[in-house]
Amino acid sequence: MEPLLQVKNLCAYFFMGSSILKAVDGVSFEIQPGQIVGLVGESGCGKTTAIQCVLRLLPSPGRIVEGEIWFDDKDLLTLSPEEMRQIRGRHISVVLQDAMAALNPVIPVGEQVADIRLAHTTDSNRAAWEKAVELMGKTGIPRAIERARYHAHEFSGGMQQRIVIATALACNPELIIADEPTTGLDVTIQEQILSLLLKAREQMGSAILYISHDFATVVSICDRIIIMYAGEVVESAPTKEILTNPMHPYTEGLINSIPPLGGTPMEFLPAIPGLPPNPVDLPPGCRFAPRCAHAKEECLAQRPQLVARTPGHYVRCFSYKEEMN
Amino acid sequence: MNTLVQVQSLTKHFAASRLWILRTGQITKAVDDVSFNIQEGEVFGLVGESGCGKTTTGRLILRLIEPTSGDVFFDGQRITDLSSGELRDYRKKAQIIFQNPFSSLNPRRSVEDILSDGYKIYGLAQGGERRDRMVALLEKVGLGADALERYPHQFSGGQRQRIVIARALTVEPQFLVADEPVSALDVSIQAQVLNLLRQLQRDLNFTMLLIAHDLRVVYHMSDRIGVMYLGRLVELANKQDLYDHPLHPYTQALISSAPTMELGRMGRKAALKGEVWNRMPPPGGCVFYPRCPIATEECKRTVPPLEAKGQDHSVACIRV
Amino acid sequence: MELIRRLRTNTLAFVGAIAIVIILLMAILAPVITPHDPNEVNTADRFLPPGSEGYMLGTDLLGRDVLSRIILGSRVSLLVAGVGVGMAMVIGVTFGVIAAFWAGWFEIIVMQIADVLYAVPTLMIALGVVGLFGRSVNAVMFAIGVAYSPLFARVCHSAVVSIRELGFVEASRAMGASHLRILWKDVMPNILPLIMVQVTVSLSWAILQEAGLGFLGMSVAPPTPSWGTMLNEGREYFYSAPTMPLFTGLMVLIAVFSFNLLGDGLRDILDPRAWERLR
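Chains as they are written, first to last, in our numbering: chain A, 527 to 851; chain B, 188 to 507; chain C, 38 to 316.
Written out as structure tokens, the structure is:
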């Protein structure tokens, strides 16, 4: 099957005076139609910049220096702004973290959902409005007919996020990019939003690129997980394999940093020491080596490549697993 | 073990306007009749979601805000009616670290200036000795002496949080309230800071009230846990008991919706419908009534009291 | 100092700062640097055009050297602006900060008074003051002080309202810091940049204000020159001998512009850095 989205060797740098911030440095991954792929990483790893590149919404002084982004037989990086505009919202839609910021406070929410349809389809005003109400109902907003006329601030955080998801689903996009959609929401609400995203995939066949720093939420809905560190992909594999056989020391460290619920209480968490590298001044070899318990001389001198250790399971590390065997 | 902190029927109501003349009768019961004790040397965790009142409770215990009614006792002394001099002494014994490492440090003051506050206010040390103590404290939290001359914006989130912790420890408090100490930090840094807090607690022997919305963090760090919902304390138990035998339906929901690293979690039915703000709880009834899967008519009319249901395990629910 | 280094990076602000320094020096050294006695009447040489021998900018209706009068006139203008704004700053900052700090009734009353005062045109306040105390430099200074204080009060009030909610203020309270300590250590350093910007902006307005009031005959009495009174004098002869008021006006323009540039530059340099990071 042809992948829906294929990112090849993406490099995006921020040019600030004399220094260059390498936010994304050689990232490659793909998403199959209808697949939910998780992008996990901590702040500064480049995950947000990567999706800004896919959407061609990279703020200056950032520039895409290299790479290809293939979506549906077209390299998005070669499209004109007008062509790109037609893709956003219609074929690739976005759900961002801060729903209150994504919604216009002075326009009724129903109109905002309808607007997406009006922009990309031939719907009449009436048809768009009806579709908007229907979507709001589907995303779990009670009394949608009435509440479509309300304004954003009249809804709770979870409800606002549902409205944002409704806007994202408005034109049946092939790909939904969700950037930290549940961060900041109550845990009981998080679950509801995650269910909603799963439903979107089931009923509409949309693929989802789910970005989060919370490994556990990613595990709960993603088929495949990509882990990023310091602008690179360090590991990429099906969810099950990441859980049973994490190969990169950073992945393992990240998983172990999460305090376990239940089970034998431990006194200290096996934390990863140190801090991520400065993206303006990256180390020559493996970027994780300075913090890695298994680092060898080779790791500090040379940058490892992303290699498939087993079919479908890619790791950027010299010899970690071999050592363990 | 000694009881260090006693909270009795603590209540805080917020009105829509500060001026009594403009109040229209709309009040928010941020904290409603909350009672619990914290033993000396333990880590007590207070967990709950938005609007549950845990942060307000922490501030009430420290008297950073005034309670509407109820009492707080610290080491036998009633905190709620201290004179301003006695209040200052209390502040030396009971400190707080905040959630947001970006706004809890004044960007215009150097680290040295910020840390020196405690020493200056309580006359604990001067000049060279003060500096030595500050350096020792910085090293204890994992920072170097060179941090003194720098300014907050020159540090990362995790490092700033360490400075915040160091600041609280300058006055050698007996009691530390940690209000969401790691929720603004990356996961790998969270682990570092949690480890740091645990190490410090072991070394310096203070009692800690940990307030957080993440059950995983609270479970990991605490000895005993209190669960709050919309201003009320709904369950109270030691951590193992709470996890193995959660009695209150909200606690059960909280545990089952906590994101864990297991596959197939989403296949199960969602723990809880609706949201905290969906429907206002019936006045005179249980606050959890609108979302409770096992609620009855009687729950609508009764405010369940917090009652002991076993060794060191209390629940506020008439259905249990 | 860090401030000067940052100032150098912002060219416009730097230019403004240099210009202000020059004008200040001019005012301070006035008695020494004037080529002629500014008050020396010389009816034989009335209305000499600029470029005449010994009179670079010409003479006015009484044969007095225009250049010398402009130089000396800067003293009154800057004094009035400086003292007036200084007074406004002291009153406004004190009330604004205290109102925000103490909240409640006091805050409401003070801010309402500030709003009312702000709504009254400075001119009317000046008329009132001059009516009470007669025309003089003091009257103008007082009028400016009163009229501009609400500006400082409002700026400080809203700044302190945002600051008082910030974590580090609560942290200081939790540490047991007294109100005074919090004001001095936490609040003031954060509103100082705002005050500085407000001062430079107000100074530019005050110079114009003095010019305007002088123009209407409310400032210093003759023969003391001030830019405003010079503009007033030049009014009658504007169509026949415009050079005096023109040059005076140009001087006012330069001074106001310089203060404005500096103010804008300071706003850029000082404000966004610290505040953005706090959100």
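Where is the CB? At the ideal position from N, CA and C, for every residue including glycine.
Where residue i sits in the DSSP three-state scheme
i                      : result
residue 437 of chain B : helix
residue 324 of chain B : helix
residue 377 of chain B : helix
residue 558 of chain A : coil
residue 764 of chain A : strand
residue 226 of chain B : strand
residue 83 of chain C  : coil
residue 579 of chain A : helix
residue 564 of chain A : strand
residue 656 of chain A : helix
residue 501 of chain B : strand
Alpha-carbon to alpha-carbon, residue j and residue i
i                      : j                      : result
residue 618 of chain A : residue 149 of chain C : 52 Å
residue 666 of chain A : residue 746 of chain A : 20 Å
residue 344 of chain B : residue 239 of chain C : 39 Å
residue 219 of chain C : residue 204 of chain C : 12 Å
residue 202 of chain B : residue 202 of chain C : 18 Å
residue 294 of chain C : residue 279 of chain C : 22 Å
residue 737 of chain A : residue 488 of chain B : 44 Å
residue 296 of chain B : residue 395 of chain B : 28 Å
residue 248 of chain C : residue 138 of chain C : 37 Å
residue 543 of chain A : residue 549 of chain A : 16 Å
residue 645 of chain A : residue 626 of chain A : 22 Å
residue 502 of chain B : residue 624 of chain A : 35 Å
residue 826 of chain A : residue 814 of chain A : 9 Å
residue 654 of chain A : residue 616 of chain A : 14 Å
residue 316 of chain C : residue 120 of chain C : The predicted model places residue 316 of chain C with a pLDDT of 37, which falls under 50 and marks its position as unreliable; any figure quoted below should be read in that light. Cα to Cα, the separation comes out at about 37 Å.
residue 537 of chain A : residue 812 of chain A : 17 Å
residue 282 of chain C : residue 333 of chain B : 60 Å
residue 153 of chain C : residue 192 of chain C : 15 Å
residue 79 of chain C  : residue 98 of chain C  : 9 Å
residue 851 of chain A : residue 773 of chain A : The pLDDT assigned to residue 851 of chain A is 44, lower than 50, so where the model puts this residue is not dependable; a value taken from the coordinates is nonetheless given after this. So the alpha carbons of these two residues sit roughly 12 Å apart.
residue 196 of chain B : residue 196 of chain C : 37 Å
Anticipated Cβ contact below 8 Å, residue i with residue j, distance rounded
i                      : j                      : result
residue 233 of chain B : residue 453 of chain B : Actually they are not in contact, since the Cβ atoms of residue 233 of chain B and residue 453 of chain B sit about 28 Å apart, beyond 8 Å.
residue 842 of chain A : residue 744 of chain A : Contact doesn't hold; Cβ gap of about 19 Å is too wide.
residue 177 of chain C : residue 255 of chain C : 7 Å
residue 819 of chain A : residue 558 of chain A : Not confirmed; about 35 Å, so no contact.
residue 563 of chain A : residue 752 of chain A : 6 Å
residue 694 of chain A : residue 620 of chain A : 6 Å
residue 194 of chain B : residue 223 of chain B : 5 Å
residue 686 of chain A : residue 629 of chain A : 6 Å
residue 361 of chain B : residue 426 of chain B : In fact, because the Cβ distance is near 22 Å, the residues do not count as touching under 8 Å.
residue 496 of chain B : residue 434 of chain B : 6 Å
residue 208 of chain C : residue 132 of chain C : Wrong, their Cβ atoms sit about 27 Å apart, outside the cutoff.
residue 855 of chain A : residue 720 of chain A : Because chain A is modelled from 527 through 851, residue 855 of chain A falls outside the range shown and cannot be assessed.
residue 266 of chain C : residue 251 of chain C : 4 Å
Residue i: contacting residues in chain B (beta-carbon distance under 7 Å)
i                      : result
residue 223 of chain C : 293
residue 766 of chain A : 450
residue 204 of chain C : 285, 287, 290, 291
residue 746 of chain A : 446, 452, 453
residue 779 of chain A : 375
Cut-off 7 Å between Cβ atoms - residues of its own chain near residue i, not counting five sequence neighbours on either side
i                      : result
residue 102 of chain C : 72, 73, 75, 92, 96
residue 237 of chain C : 296, 299, 300, 303
residue 792 of chain A : none
Within chain C, partners of residue i - CB distance below 7 Å
i                      : result
residue 305 of chain B : 212
Cβ-based neighbour list, residue i, same chain, cut-off 8 Å, excluding 5 preceding and 5 following
i                      : result
residue 206 of chain C : 200, 219, 223, 224
residue 574 of chain A : 705, 737
Interface partners of residue i on chain B, CB under 9 Å
i                      : result
residue 227 of chain C : 293, 294, 295
residue 186 of chain C : Within 9 Å Cβ-Cβ: nothing; residue 186 of chain C doesn't reach chain B, min ~25 Å.
Amino acids of chain C, ordered along the chain, whose beta-carbon sits closer than 8 Å to that of residue i
i                      : result
residue 280 of chain B : Result: empty, since nearest Cβ-Cβ is about 10 Å, beyond 8 Å.
residue 249 of chain B : 211
Own chain residues within Cβ distance below 6 Å of residue i, not counting five before or after
i                      : result
residue 516 of chain A : Residue 516 of chain A lies beyond the range of chain A shown here (527 to 851); nothing can be said about it.
residue 437 of chain B : 416, 421, 475
residue 442 of chain B : 433
residue 683 of chain A : 711
residue 768 of chain A : 751
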